[in-house]
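Each residue of the sequence shown is one higher than the one before, counting from 33 in this note's numbering.
Note that beta-carbon positions come from the ideal geometry of N, C-alpha and C, so glycine has one too.
All of these numbers come straight from a predicted model, not from anything done at the bench.
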Amino acid sequence: MRVHAQHLGPEVIQEHAVDTSNGLGFEELPAGKAKRSYLFLDTDGSPLANTEVRFVSQDGKTSHVGRTNENGAVAFIVDPGSYRYQIYGGRETGKPRFVSQWITVKEDTFIITSLKLPAEQTIFYTWPRIDLKPGEHKVVTPNEGNETGTEFEKIGGTPEWVTVYRDGTVEVSPLETTKPGVYTVKIRASNAPDFAVRIELQDAATGADRYTFTYPTSYVRPGSVGSSFKPILTLRKDGYDFVNQPVPPGTTFETSSSEATIDKNTGEVKYVAPRNAKVGGEPAKIPVAITMPDGSRLETEATFEVIPPLLKTVAQLSYDEARVAPRGKFVADLNVKGKLPVGTEFRWDARKNEDLRGWNVAVDSTTGTVEAVVPEGVEEEYNLHILASYTDGSREYVTLPVRIVERLSSEELEAHKLRYTQQIVTPGKAFTADPVGKPVYGSVFSIENDGGISITIDRTTGRITAKIPADTEADSTYTARLRVDFPGGHQIIELKATANSLARTNTVNYAVREGFAKPKDQYSGARYGLPKSYKNHDAKVEINPETGEVRATVPRSQKPKEINVPVVVTWEDGSQQLVDLHVVPKQTASKKELTWERVWWIVPFMIAAEGFGILLFWIWDSNKHVAPFTVMTNALKNAGFNVSG
Numbered sequence: 033m034r035v036h037a038q039h040l041g042p043e044v045i046q047e048h049a050v051d052t053s054n055g056l057g058f059e060e061l062p063a064g065k066a067k068r069s070y071l072f073l074d075t076d077g078s079p080l081a082n083t084e085v086r087f088v089s090q091d092g093k094t095s096h097v098g099r100t101n102e103n104g105a106v107a108f109i110v111d112p113g114s115y116r117y118q119i120y121g122g123r124e125t126g127k128p129r130f131v132s133q134w135i136t137v138k139e140d141t142f143i144i145t146s147l148k149l150p151a152e153q154t155i156f157y158t159w160p161r162i163d164l165k166p167g168e169h170k171v172v173t174p175n176e177g178n179e180t181g182t183e184f185e186k187i188g189g190t191p192e193w194v195t196v197y198r199d200g201t202v203e204v205s206p207l208e209t210t211k212p213g214v215y216t217v218k219i220r221a222s223n224a225p226d227f228a229v230r231i232e233l234q235d236a237a238t239g240a241d242r243y244t245f246t247y248p249t250s251y252v253r254p255g256s257v258g259s260s261f262k263p264i265l266t267l268r269k270d271g272y273d274f275v276n277q278p279v280p281p282g283t284t285f286e287t288s289s290s291e292a293t294i295d296k297n298t299g300e301v302k303y304v305a306p307r308n309a310k311v312g313g314e315p316a317k318i319p320v321a322i323t324m325p326d327g328s329r330l331e332t333e334a335t336f337e338v339i340p341p342l343l344k345t346v347a348q349l350s351y352d353e354a355r356v357a358p359r360g361k362f363v364a365d366l367n368v369k370g371k372l373p374v375g376t377e378f379r380w381d382a383r384k385n386e387d388l389r390g391w392n393v394a395v396d397s398t399t400g401t402v403e404a405v406v407p408e409g410v411e412e413e414y415n416l417h418i419l420a421s422y423t424d425g426s427r428e429y430v431t432l433p434v435r436i437v438e439r440l441s442s443e444e445l446e447a448h449k450l451r452y453t454q455q456i457v458t459p460g461k462a463f464t465a466d467p468v469g470k471p472v473y474g475s476v477f478s479i480e481n482d483g484g485i486s487i488t489i490d491r492t493t494g495r496i497t498a499k500i501p502a503d504t505e506a507d508s509t510y511t512a513r514l515r516v517d518f519p520g521g522h523q524i525i526e527l528k529a530t531a532n533s534l535a536r537t538n539t540v541n542y543a544v545r546e547g548f549a550k551p552k553d554q555y556s557g558a559r560y561g562l563p564k565s566y567k568n569h570d571a572k573v574e575i576n577p578e579t580g581e582v583r584a585t586v587p588r589s590q591k592p593k594e595i596n597v598p599v600v601v602t603w604e605d606g607s608q609q610l611v612d613l614h615v616v617p618k619q620t621a622s623k624k625e626l627t628w629e630r631v632w633w634i635v636p637f638m639i640a641a642e643g644f645g646i647l648l649f650w651i652w653d654s655n656k657h658v659a660p661f662t663v664m665t666n667a668l669k670n671a672g673f674n675v676s677g
């Protein structure tokens, strides 16, 4: 007798427990075991012969493997539990053609199952819409994912700017010169039919679409000619703006304004303001048409603001007189009344200063600061001419008067001698310092040697901003060498920067009484000691290295007199501090050594003589919070005995 369960799909498996007696013609099952027998039929109903079948446990540890016979049958004897079967022999070697859901196997059952496998499914893949413009970049993956491990490849007829990866990813990167239109990507799959993916390449973005041109505001006075800045180009690409781009070769500019001309290659506009142009009124806007190399066109405006005078008359610039000795150098800052017009540029015009041969002159193009070194044999007075150019096209020479002076005498040098006070600083934290003294007029400061300090200096005032390394040890000192040049000579100044320490920020104060001194406060991590060279022949001095307590004693036969005790305090950061104490030693008993074996008998006599209460008070008052043995020892010491236990 056979019981069949028709397999209607991968999720439908019917089970029937049957009599397991020998009467059915099957061997008796071992106790606690179950047997499952399968008959596999292919899609067309014929037996699925010589096919690998695996019966896998839910925990993955047990896998029964067998092959079907010529009738498509295979059987497994298994322990009770949950299993599922995997059937191989499909299109892909090493991958199951069919995998069932979990099947519960009960104890002492025998089941025969007839299964008709479904046809192997044909998988169809689709990709998202691919549309872009030449020069753009796009990446897409299959909408269905790729859980089956299908491998893909590009086949003939696909553009070179298309890449197909093994996992189905399609990368499209047409060049900007690629012709717009519809392209086809042909893709072959390992377990599916070939596919064709459509790419729509739209019209390329024109130069007018990708670029914008803007003109900064320019200035012009009534009746004069004003020149604009060159236009600023911004390129839009992949959603980002890239500013200050060069003008693409072949770009041309033109204007329809009758009041302006334009350089067709650079875009620079020259505008002639009417004599009756209203100062501070509505700015003049000059239309500019731009033709890109691809023939596309765009428009922008060059704006001119009408101002009363030329900028060279608006900007009131001057230099103070500079004084320098032969072979000396000076620095002169530009004086500006009001604000310096934006875009003003300064430069040294050698043709305007032909009589200054041998001078070494440098001009800061932005600030107008002049630094110069004069040669030997110069006369008493000179005028330097610094050219200032403005954005409205106006220019002027600003005069810098220079007076040649004699070198300073030694007395004068001494009167103007500078120094920096020693700086106590926090490592890693910036600090500032100004030179002390009266600098010579026209002094120029510079750094001769930074000495390991991060330092900057104001060349005219000498103010420094600096910091020492953050890992500097307490009380360590860095020394920088600074130089100041002035008419008639120079001076080297040292700047010393010392790392702050606990010894500088804390002070140990002692409470002193006869023969004893103790710090009023306790400091975590502090250690106490006496200098190695310290010797005092007038008294015996002892110090507790942890508490700082000092004891000074002299024999009873010696008259005590005040002594000096130098205490060295070593702080937690390694810094040290010297505390001078003035202590009057306390007299002690004779030097004869006493032990507890020798002095225990003293206690009864003291009790009898003074009374037990007096003894306890004396001991307690002198030795609060001390262990009993130590209490008695201290009591005897206070009585003048030299006791060792």
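Limits of the beta strand (DSSP E) - the one that residue i falls within
| i | result |
| --- | --- |
| residue 361 | 361-364 |
| residue 113 | 113-119 |
| residue 239 | Residue 239 -> not in any beta strand (DSSP E); alpha helix (DSSP H) instead, spanning 239-242. |
| residue 378 | 377-380 |
| residue 583 | 582-587 |
| residue 317 | 316-323 |
| residue 598 | 595-602 |
Buried or exposed (CB count within 10 angstroms, at least 16 for buried), residue i
| i | result |
| --- | --- |
| residue 483 | buried |
| residue 361 | buried |
| residue 551 | buried |
| residue 603 | buried |
| residue 457 | buried |
| residue 584 | buried |
| residue 182 | buried |
| residue 592 | buried |
| residue 517 | buried |
| residue 565 | exposed |
| residue 543 | exposed |
| residue 344 | buried |
| residue 369 | exposed |
| residue 523 | buried |
Local conformation of residue i per DSSP, three classes
| i | result |
| --- | --- |
| residue 539 | coil |
| residue 447 | helix |
| residue 385 | helix |
| residue 68 | strand |
| residue 207 | coil |
| residue 95 | strand |
| residue 440 | coil |
| residue 149 | coil |
| residue 349 | strand |
| residue 534 | helix |
| residue 5 | This structure gives no information on residue 5, because the portion of the chain shown stretches from 33 to 677. |
| residue 339 | coil |
| residue 63 | coil |
Through-space distance from residue j to residue i, alpha-carbon basis
| i | j | result |
| --- | --- | --- |
| residue 423 | residue 354 | 29 Å |
| residue 236 | residue 205 | 13 Å |
| residue 402 | residue 366 | 8 Å |
| residue 99 | residue 132 | 17 Å |
| residue 685 | residue 322 | Outside the modelled stretch of the chain, which goes from 33 to 677, sits residue 685, for which no answer is possible. |
| residue 418 | residue 525 | 33 Å |
| residue 103 | residue 220 | 37 Å |
| residue 200 | residue 156 | 12 Å |
| residue 261 | residue 351 | 29 Å |
| residue 197 | residue 396 | 58 Å |
| residue 291 | residue 306 | 8 Å |
| residue 301 | residue 454 | 59 Å |
| residue 474 | residue 317 | 48 Å |
| residue 160 | residue 173 | 7 Å |
| residue 498 | residue 534 | 22 Å |
| residue 175 | residue 202 | 12 Å |
| residue 439 | residue 407 | 14 Å |
| residue 127 | residue 107 | 21 Å |
| residue 310 | residue 241 | 36 Å |
Supposed contact pair residue j and residue i - C-beta distance, whole angstroms, cut 8 Å
| i | j | result |
| --- | --- | --- |
| residue 496 | residue 488 | 7 Å |
| residue 338 | residue 373 | Their Cβ separation, rounded to whole angstroms, is 15 Å, which puts residue 338 and residue 373 out of contact at 8 Å. |
| residue 512 | residue 481 | 7 Å |
| residue 259 | residue 250 | 7 Å |
Bounding residues of the alpha helix (DSSP H) (the contiguous stretch that carries residue i)
| i | result |
| --- | --- |
| residue 346 | 343-346 |
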